[in-house]
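K.L.:
Have a look at the structure that comes next, please.
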Amino acid sequence: MKRIIIIGGGPAGLMAATQLLKSDCEILLLDQKASVGRKFLVAGDGGFNLTHSETPSEFRDKYDSEWIKKAIRQFSNKDWIKFLKQIGIETKVGSSGKIFPADEIKPIQVLNAWKEFLAPKVQFMLNTRFVNFDENQVEVDISTSLNTPGKTEKLDFDYLVLALGGKSWSVTGSDGAWFPILAQKGIALNEFLPSNSGLVLYENWLGDLEGKILKNIQTSCGNQSCTGDLTITQYGVEGKPAYAINGALRKMEKPVFKVDFKPQMTSDKVFEILKKAKNPSQGLKELKLGEVAIFWIKTFVSKERFLNPKELTKAIKEFPIGIKGFRPIDEVISTAGGVADSEISEFGELNQFPNVFVAGEMIDWDAPTGGYLIQGSVSSGYVAGKAISRAFDSAQSPE
Ligand SMILES: Cc1cc2nc3c(=O)[nH]c(=O)nc-3n(C[C@H](O)[C@H](O)[C@H](O)COP(=O)(O)OP(=O)(O)OC[C@H]3O[C@@H](n4cnc5c(N)ncnc54)[C@H](O)[C@@H]3O)c2cc1C
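Laid out in structure tokens, this is it:
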């Protein structure tokens with residue numbers, strides 16, 4: 012019987028396995044941790060955004076790579092929701108259009124339902140670390156499970172799916188240690204970069220503001236923008252409007268973004284209020300700007316501009332903030348970088364290693380948090396699993 016080895020029990024690996032359940036094959040799912048889906052559960056600790064309810068084209072626009080957009084065409088947000096329903100997980104749409112598990116369903120229940128769905132056919136081999144591979148064998152380190160340091164084993168495969176994740180939150184098993192293994196084989200990889208990261212600001216921006224929230228503002232940088240709340244931390248800012256502009260900031264030599272403190276109001280309206288006010292400080296009060304916005308404007312806008320309603324309007328609508336950098340890669344929600352899409356087919360099959368597929372965050376694509384990362388991971392797992400199951404079907408169909 013043909014053997015398929017899937018390494019990595021995150022959403023990408025689990026979805027690849029799911030697509031093979033009906034094929035006549037043996038499926039081994041390996042992971043270096045003692046349980047699968049650890050990052051999936053970490054994602055569940057905050058808001059567990061499984062995907063988003065946007066229309067297909069709005070949805071795909073959130074991704075930076077044509078490769079992943081193509082995968083999402085084949086397995087969309089609707090397909091993912093339908094699958095979750097099939098395993099008994101109802102979902103609900105949040106006020107911002109994000110999709111969550113329905114009330115009371117905990118992340119571990121989602122993971123367990125999925126594992127149970129796979130259990131009759133998939134053999135889980137845990138505490139098993141991928142260390143190398145060639146055209147038909149994968150080498151794994153089994154010293155943790157056997158308690159014998161350095162013990163490795165070679166397993167034969169007919170098809171191999173690597174779904175090893177990115178490089179953040181290494182405690183979950185996604186440690187990026189696969190990078191040099193693939194690089195040594197001449198597979199083109201792009202450097203890991205922090206994504207969906209908080210932004211580190213220069214100290215003079217922080218004052219006593221830690222814990223304060225900039226509510227309903229809009230950030231923008233290049234062609235990326237996002238409305239929401241930014242929280243001031245000890246080192247800078249966190250929140251969706253910070254994460255959503257990471258990609259554009261990463262491209263700049265001296266990264267600067269702009270904040271619109273009043274996105275609900277036109278510049279003309281802001282100007283009118285400032286013009287009518289007794290003085291600029293009164294104008295800021297009438298505009299109901301929060302403490303952080305007022306502190307930044309008073310600290311960083313020159314007196315001359317502050318006294319000029321036109322210039323002050325510009326400062327309120329397009330306030331520039333230079334950043335010192337991103338958070339350390341291990342702390343961020345996701346990583347960009349990984350296997351270059353020039354190295355793979357539309358199904359994730361490596362050009363240099365036919366029958367070896369890659370899936371999930373280990374491929375170089377990027378998207379904002381809010382359901383797009385899990386969706387990209389399951390869609391890429393789907394295309395890999397489906398391509399293998401199709402290969403089986405065509406091999407078995409009568410002439
Ligand atoms: C704090 C946080 C919150 C998040 N919130 C959300 C959210 O709300 N919505 C959203 O869409 N996304 C969210 N994400 C991102 C999302 O969880 C990931 O993008 C997704 O899990 C990636 O799936 P994957 O299958 O590609 O890899 P992973 O889930 O990272 O799984 C990779 C697996 O491979 C295993 N592995 C790695 N190397 C080896 C090796 N050498 N040998 C054997 N096994 C190995 C790991 O142990 C791991 O189990 C969040 C992430 C974090 C950290």
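Following our numbering, the residues of the sequence shown are numbered contiguously, the last one being 410. Backbone N, C-alpha and C define an ideal beta-carbon position, used for all residues, glycine too.
Going by alpha carbons, who is nearest to Asp219 out of Val303, Val270, Gly250?
P.N.:
The shortest Cα separation from Asp219 among Val303, Val270, Gly250 belongs to Val303.
K.L.:
Would you identify the three-state DSSP class for Pro274, choosing helix, strand or coil?
P.N.:
Pro274: coil per DSSP, three-state reduction.
K.L.:
Hey, Phe368 and Val172: beta-carbon distance below 7 Å or not?
P.N.:
Their beta carbons are under 7 Å apart, which means Phe368 touches Val172 by this criterion.
K.L.:
Pop quiz: Ile412 and Gly387 are said to be a contact at Cβ under 8 Å. What is the actual Cβ separation, rounded to whole angstroms?
P.N.:
No information on residue 412 is available, as it lies outside the stretch 12 to 410 that the chain covers here.
K.L.:
Taking its Cβ as the centre, do 16 or more other Cβ atoms sit within 10 Å of Ala194, making it buried, or is it exposed?
P.N.:
By the 10 Å Cβ count, Ala194 comes out exposed.
K.L.:
Helix, strand or coil, according to DSSP, for Ala395 in the structure here?
P.N.:
Of the three classes helix, strand and coil, the one that applies to Ala395 here is helix, per DSSP.
K.L.:
Where does Leu384 land, buried or exposed, given buried means 16+ other C-beta within 10 angstroms?
P.N.:
Buried, because 16 or more other Cβ atoms sit within 10 Å of the Cβ of Leu384.
K.L.:
Can you give me the C-alpha to C-alpha distance between Thr244 and Lys251, rounded to a whole angstrom?
P.N.:
Near 14 Å, if we compare the C-alpha coordinates of Lys251 and Thr244.
K.L.:
Would you check whether ligand 1 has a heavy atom nearer than 6 Å to the C-beta of Ala174?
P.N.:
Yes, Cβ of Ala174 sits closer than 6 Å to a heavy atom of ligand 1.
K.L.:
What residue from Ile224, Asn207, Glu264, Asp279 has the CA that sits closest to Ala253's CA?
P.N.:
Of the candidates Ile224, Asn207, Glu264, Asp279, the one whose C-alpha sits nearest the C-alpha of Ala253 is Asn207.
K.L.:
Return helix, strand or coil for Lys328, following the three-state DSSP convention.
P.N.:
Lys328 falls in the helix class under three-state DSSP.
K.L.:
When you compare the CB positions of Ala82 and Ser390, do they come within less than 7 Å of one another, or not?
P.N.:
In contact: Ala82 and Ser390 (Cβ atoms closer than 7 Å).
K.L.:
For Arg338, which of helix, strand or coil comes out of DSSP?
P.N.:
Looking at Arg338 - three-state DSSP - the assignment turns out to be coil, as it is neither helix nor strand.
K.L.:
Could you tell me if Val182 is buried or exposed, where buried requires 16 or more neighbouring beta carbons within 10 angstroms of its beta carbon?
P.N.:
Exposed, because fewer than 16 other Cβ atoms sit within 10 Å of the Cβ of Val182.
K.L.:
Using 6 Å as the cut-off, classify the Cβ of Gly184 as near or not near the heavy atoms of ligand 1, replying yes or no.
P.N.:
Yes, ligand 1 has a heavy atom inside 6 Å of this Cβ.
K.L.:
Could you say which of Tyr393, Asp186, Phe330, Leu260 lies nearest to Gly359 if we only look at CA atoms?
P.N.:
Cα-wise, what sits closest to Gly359 is Tyr393.
K.L.:
Verify the contact flag: Ala28, CB atom, against every heavy atom of ligand 1, threshold strictly below 6 Å.
P.N.:
No, the beta carbon of Ala28 sits no closer than 6 Å to any heavy atom of ligand 1.
K.L.:
Taking 6 Å as the line, does the beta carbon of Val394 fall inside it for any heavy atom of ligand 1?
P.N.:
Incorrect: Val394 has no Cβ contact closer than 6 Å to ligand 1.
K.L.:
Going by DSSP, what residues sit across from Gln229 in a beta bridge?
P.N.:
DSSP output for Gln229 lists Thr238, Asp271 as bridge partner(s).
K.L.:
Any chance you could list the beta strand (DSSP E) runs of at least 3 consecutive residues sitting entirely within the region 35 to 102, in chain order?
P.N.:
Listed in chain order, they are 36 to 41.
K.L.:
CA-CA distance, Tyr246 and Val343?
P.N.:
If you take the alpha carbons of Tyr246 and Val343, they lie about 14 Å apart.
K.L.:
Locate the alpha helix (DSSP H) running through Tyr254, then write down its first and last residues.
P.N.:
It spans 251 to 254 - the alpha helix (DSSP H) in which Tyr254 sits, taken as one unbroken run.
K.L.:
Hey, out of Asp75, Ile98, Gly177, Ile116, whose CA is closest to Gly58's CA?
P.N.:
Considering only alpha carbons, the answer is Ile116.
K.L.:
For a test of your reading of the model: does the CB of Trp91 fall under 6 Å from any non-hydrogen atom of ligand 1? Yes or no.
P.N.:
Outside the cutoff, so no.
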